[in-house]
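Chemist: Please read through the structure below; I'll follow up with questions.
Residue numbers (the working numbering): 91 to 168.
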């Protein structure tokens, strides 16, 4: 299991996890409008997330697979 933690200090409510494969655009994995409110994105399979605090949004790769070798991006917005 691989774990990536995103932290934001802007006091924004919404946070997002994206994946970008080589030569491709961004794909939304999961997003959260507020703490403890998690929504699936376009490609949630093989991933899970945790958001118990406003400033942290953690991505969990449930099983490490070669097709998960990508650029992972975290974003936040109001």
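All C-beta atoms in this analysis are idealised placements derived from N, C-alpha and C, irrespective of residue type, glycine included.
Bear in mind the structure is a predicted one, so any value in this text is a computation, not a measurement.
Hey, residue 94 and residue 149: beta-carbon distance below 8 Å or not?
Modeler: Taking the first residue of the chain shown as position 1, residue 94 is located at position 4. Taking the first residue of the chain shown as position 1, residue 149 is located at position 59. It is a contact, given that the beta carbons lie within the stated cut-off.
Chemist: Have a look at 91, 92, 103 and flag the residue whose alpha-carbon is nearest the alpha-carbon of residue 142.
Modeler: The residue given as residue 142 occupies position 52 in the chain shown. The option with the nearest alpha carbon to residue 142 is 103.
Chemist: Taking residue 122 as the reference, which of 131, 114, 115, 109 has the closest Cα?
Modeler: By 1-based counting over the chain shown, the position of residue 122 is 32. Closest by alpha carbon: 131.
Chemist: Measuring alpha carbon to alpha carbon, tell me which of 158, 91, 127, 114 ends up nearest residue 105.
Modeler: Taking the first residue of the chain shown as 1, we reach residue 105 at position 15. For the residues 158, 91, 127, 114, the minimum Cα distance to residue 105 belongs to 127.
Chemist: In whole angstroms, give me the CA-to-CA distance for residue 96 and residue 134.
Modeler: Counted from its first residue, the chain shown places residue 96 at position 6. Counted from its first residue, the chain shown places residue 134 at position 44. Looking at the two C-alpha atoms, the distance is approximately 17 Å.
Chemist: From what residue to what residue does the beta strand (DSSP E) around residue 140 run?
Modeler: Start at 1 with the first residue of the chain shown, and residue 140 comes out as number 50. Element bounds for residue 140: 137-140.
Chemist: Cα separation between residue 107 and residue 165?
Modeler: Within the chain shown, residue 107 is the residue found at index 17, counting from 1. Within the chain shown, residue 165 is the residue found at index 75, counting from 1. Cα to Cα, the separation comes out at about 7 Å.
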